[in-house]
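Here the structure comes first, spelled out in structure tokens, and everything after it is commentary.
Protein chains: 2
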Amino acid sequence: MDTHDLTRTLHTKNESKIVMLVADGLGGLPQHPGGPTELEAASTPQLDALAKQGVSGRSIPVLPGISPGSGPGHLALFGYDPLQYQIGRGALEATGVGLELKQGDIAVRCNFCTLDSQGRITDRRAGRIATERSGPLARRLRDVSLPGVELIVEPVKEHRFVVVFRGEGLGGNVEDTDPQATGVPPLEPAARDEASRKTAEIARQFEAGARKLLADQNSANGLTMRGFAGRPELPSFGRVYGLKAAAIAVYPMYKGLAQLVGMEIVGSPQNLDEQIEILRASWEDYDFFFLHFKYTDSTGEDGDFDAKVKRIEEFDAAVPAVVELAPDVLIVTGDHSTPSMLRSHSWHPVPTLIVSRVCRTDRCQSFGESDCVLGGLGQFEAKHLMTLALANAGRLSKFGA
Amino acid sequence: MDTHDLTRTLHTKNESKIVMLVADGLGGLPQHPGGPTELEAASTPQLDALAKQGVSGRSIPVLPGISPGSGPGHLALFGYDPLQYQIGRGALEATGVGLELKQGDIAVRCNFCTLDSQGRITDRRAGRIATERSGPLARRLRDVSLPGVELIVEPVKEHRFVVVFRGEGLGGNVEDTDPQATGVPPLEPAARDEASRKTAEIARQFEAGARKLLADQNSANGLTMRGFAGRPELPSFGRVYGLKAAAIAVYPMYKGLAQLVGMEIVGSPQNLDEQIEILRASWEDYDFFFLHFKYTDSTGEDGDFDAKVKRIEEFDAAVPAVVELAPDVLIVTGDHSTPSMLRSHSWHPVPTLIVSRVCRTDRCQSFGESDCVLGGLGQFEAKHLMTLALANAGRLSKFGA
């Protein structure tokens with residue numbers, strides 16, 4: 053019996069509104085021992101005020117010591133055990149560019165590469181071809197014809213694009229064709245099980261067809277394929293929580309992840325101001341709002357402590373407009389830590405707070421890694437956050453008599 | 053492998069005594085932001101002294117955000133995973149009125165209802181008939197004769213009573229007969245599996261027989277049946293912990309729950325003084341004592357902050373008599389929170405403390421929700437409390453070499 057077995061049977065309806073603000077990669081590390089983290093160095097009067105009113109703690113995205121990617125990080129925040137529900141790379145990439153996968157689809161991450169006259173790879177990323185040039189090339193590949201299989205091709209960025217095969221009897225268990233080396237040709241797509249033989253054959257035909265269409269190119273004249281994967285089967289937010297949920301995100305990846313759990317993507321915001329505007333405009337239409345802020349992660353990945361501090365302050369400044377809407381439950385968290393010192397996602401627990409009328413306030417006076425250690429939420433697995441959200445919203449009835 | 057697989061093989065015997073004081077619904081919420089909870093508002097010099105000596109923390113009854121009923125709340129305190137072991141509604145109701153279920157029994161929650169001359173329900177609760185009137189009517193139904201099956205009928209309260217069918221080959225998988233509507237007759241009892249067909253047939257006969265015996269009634273002239281359930285199979289306290297355990301409780305529900313895990317019910321106390329007296333008198337006869345105090349929950353459910361404070365103070369005043377017996381391990385906890393603000397069970401973690409010679413004292417100086425956040429037990433699932441009790445009692449040997 054898992055948490056969803058409980059929430060599915062216990063959830064009830066009311067008029068409450070729940071807002072989850074996710075600052076991607078929020079948690080950090082000090083620049084030198086004893087110093088403040090990015091969040092602690094930032095001036096965050098709004099978040100500090102929430103920490104005073106609410107209950108704080110630190111969430112473990114997956115398990116102690118495990119640094120999650122965006123997929124597992126967000127699934128956990130959405131209450132889906134990230135070890136139970138795994139999203140294949142191809143499916144995540146397709147999701148990231150806004151493709152809505154259907155059950156039975158197989159999605160593949162593709163890279164343009166440069167082949168020499170012998171068909172050997174000379175550059176695995178086609179000289180990191182500019183997006184302006186690679187986009188039209190990827191779209192050109194839509195003309196490859198595959199017998200009995202619908203082909204969807206979508207540019208991603210630079211040398212990356214994504215392909216979806218839609219048809220009957222396609223398994224997702226196919227080896228990558230990227231040899232992870234130059235001087236050798238791409239590998240043949242090889243099925244790892246019987247159910248994926250047709251997929252491997254279709255992938256071979258696609259690669260051959262694409263190469264013909266790219267024959268006039270100097271650098272992007274070949275491709276490799278990685279991360280073959282079908283759509284993950286995730287029970288919907290509506291089903292497991294009884295929530296009508298909206299996702300307000302700038303980047304396709306986070307829209308896609310939200311869509312996989314059944315949220316509706318609202319608006320096409322380009323920045324935080326527009327996200328807040330959409331939140332306000334759609335306030336009456338949903339029970340739950342997921343609002344994603346990317347730049348706390350990207351500045352961390354850039355290794356830029358000061359830039360991350362600035363982005364946190366920008367995020368902080370957006371809080372009053374959310375508070376003004378008077379959500380019944382307001383959550384501030386991240387999907388993982390991205391310490392600028394590490395220039396990468398990390399396993400460190402993520403500062404998290406919940407404000408509601410019934411949240412049992414603790415003694416935390418500010419929002420930061422050190423203060424959260426003293427918070428009333430304690431240290432908890434992120435997958436429990438949604439259950440806490442529902443409880444604070446008065447949307448869960450009692451378990452057992 | 054679950055905790056019981058460990059304790060079953062690791063438990064050892066010694067002369068230690070363990071006392072678990074359970075203040076039902078102990079945890080609370082402040083009346084206004086920043087104020088004290090009921091426990092913090094109460095003057096509790098005895099509990100504060102224990103907090104100084106012992107180690108504190110907060111227990112999660114089931115999972116974060118899940119508000120438990122009494123059944124799962126107590127099973128967790130007794131070390132039984134409340135998600136793994138579920139007690140059916142009928143079995144819990146029977147337990148609540150002091151019926152000792154045997155393996156193979158099927159218990160059913162019944163409601164008196166009012167039927168019109170066509171047999172259609174006009175009032176699903178028979179006008180919430182007074183207990184004084186419904187009790188004799190329920191007892192009258194003991195005269196229904198069922199071929200080859202023993203019938204036990206016990207009044208509960210107002211329109212509610214409980215029925216137990218005792219016989220061979222009775223499965224518990226039968227649909228409710230309450231249509232949850234008026235203007236329609238009660239449903240026929242329908243078996244959901246082959247093993248429950250006899251139960252459904254017996255239930256039909258019981259209903260028909262009961263209707264004849266109620267024919268002279270105006271309001272309570274029919275009945276509906278819900279929550280068919282057998283006795284849950286719970287491994288005994290003796291088996292999993294090697295403890296001879298006593299339950300000292302005023303209310304049948306808690307005696308019943310204790311009995312389901314193999315505790316002996318000691319005495320028939322009517323109040324806390326009598327419970328303490330029984331504890332003293334039976335001190336030499338048991339290893340473990342569960343002492344249940346109801347009124348911290350009932351005052352919380354009444355929404356009466358001040359009354360809950362008073363009940364906590366009453367509970368506090370009983371502590372010295374327990375301490376005087378010099379238990380090797382003394383635990384103070386609750387099965388869940390019941391904030392008077394919510395007038396209901398809640399999901400909030402429960403202040404918990406353990407005092408023993410080896411408990412690794414923390415810095416907590418008083419017993420309350422905020423202080424427990426800083427306690428050495430941290431935040432933990434209630435199902436681990438019994439293992440901690442055994443460890444503190446020196447009753448568990450090492451796991452692995």
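Taken in sequence, the protein lines are chains A and B.
Counting from 1 along the first sequence, just add 52 to a position and that's the residue number in my numbering.
Counting from 1 along the second sequence, just add 52 to a position and that's the residue number in my numbering.
Backbone N, C-alpha and C define an ideal beta-carbon position, used for all residues, glycine too.
Around the beta carbon of Q431 of chain B, 16 or more other beta carbons lie within 10 angstroms, which makes this residue buried.
One thing to note: A260 of chain A has its Cβ no nearer than 8 angstroms to the Cβ of N225 of chain A. For P134 of chain A and N444 of chain A, the gap between their C-alpha atoms comes out near 23 angstroms. Of the candidates B:I406, B:P124 and B:P231, the residue whose Cα lies closest to the Cα of L167 of chain B is B:P231. Excluding the 5 residues flanking it on each side, T64 of chain B has same chain C-beta neighbours closer than 6 angstroms at R447 and S449, in chain order. In this structure, the CA atom of N270 of chain B is about 10 angstroms from the CA atom of C165 of chain B. For V236 of chain A, there is no enclosing beta strand (DSSP E), as DSSP marks it with neither H nor E. For E90 of chain A, the uninterrupted alpha helix (DSSP H) segment begins and ends at E90 to A93.
Taking the Cβ atoms as the reference, G308 of chain A lies roughly 3 angstroms from T147 of chain A, within the contact range of under 8 angstroms.
For the region 418-445 of chain A, residues whose beta-carbon sits nearer than 9 angstroms to a beta-carbon of chain B comprise L426, G427, G428, L429, G430, Q431, F432, E433, H436, L437, M438, T439, L440, A441, L442, A443 and N444.
Across the region 397-420 of chain B, CB contacts with chain A closer than 9 angstroms involve H397, S398, W399, H400 and P401, in sequence order along the chain. Boundaries of the alpha helix (DSSP H) around R60 of chain A: T55 to L62. In the displayed model, L343 of chain A falls within a strand according to three-state DSSP.
Put simply, the region 114-123 of chain B does not touch the region 410-427 of chain B. Fewer than three CB pairs are less than 8 angstroms apart. Contact holds between the region 269-285 of chain B and the region 155-164 of chain B, because three or more Cβ pairs, one in each stretch, are under 8 angstroms apart. Under DSSP, N163 of chain A takes part in a beta bridge, and its partners are A:R212 and A:T276. Under the three-state reduction of DSSP, A370 of chain A is assigned to helix. What L135 of chain B touches in chain A, judged by beta-carbon distance under 7 angstroms, is M53, going in chain order. With respect to the C-alpha of G200 of chain A, the residue from A:L189, A:R194, A:R218 and A:A190 having the closest C-alpha is A:R218.
Spatial neighbours of V407 of chain A in its own chain (CB-CB distance under 6 angstroms, excluding positions within 5 residues in sequence) are listed in chain order as L102, Q105, G106 and L382.
Taking a cut-off of 8 angstroms for Cβ pairs, the region 69-87 of chain B and the region 345-358 of chain B touch, as three or more such pairs fall below it. In this structure, the CA atom of H388 of chain B is about 13 angstroms from the CA atom of L91 of chain B. The bridge partners DSSP lists for L405 of chain B are B:S108 and B:V384. DSSP places I317 of chain B in the strand class (E or B) of the three-state scheme. The three-state reading of DSSP puts M393 of chain B in coil, since its state is none of H, G, I, E or B. As the crow flies, the alpha-carbon of V318 of chain B is around 20 angstroms from that of F367 of chain B. When the Cα atoms are used, L331 of chain B and A359 of chain B turn out to be separated by approximately 26 angstroms. For K450 of chain A, the nearest CB of chain B lies under 8 angstroms from its own CB, placing it at the interface with that chain. In the structure shown, L448 of chain A adopts extended strand secondary structure according to DSSP, grouped into three states. Closest in alpha carbon position to G427 of chain A, among A:L442, A:V402 and A:A441, is A:V402.
Using beta-carbon distances, I158 of chain B does not count as an interface residue toward chain A, since no partner is under 8 angstroms. Ranked by Cα distance from R395 of chain B, the first of B:K69, B:F340, B:G87 and B:L81 is B:L81.
Note on geometry: alpha-carbon atoms of G290 of chain A and V375 of chain B lie some 51 angstroms from one another.
Using a CB distance cut-off of 8 angstroms, A453 of chain A counts as an interface residue toward chain B. R176 of chain B and A255 of chain B have their C-alpha atoms roughly 18 angstroms apart. Taking 8 angstroms as the threshold, the shortest C-beta distance from I118 of chain B to chain A falls below it.
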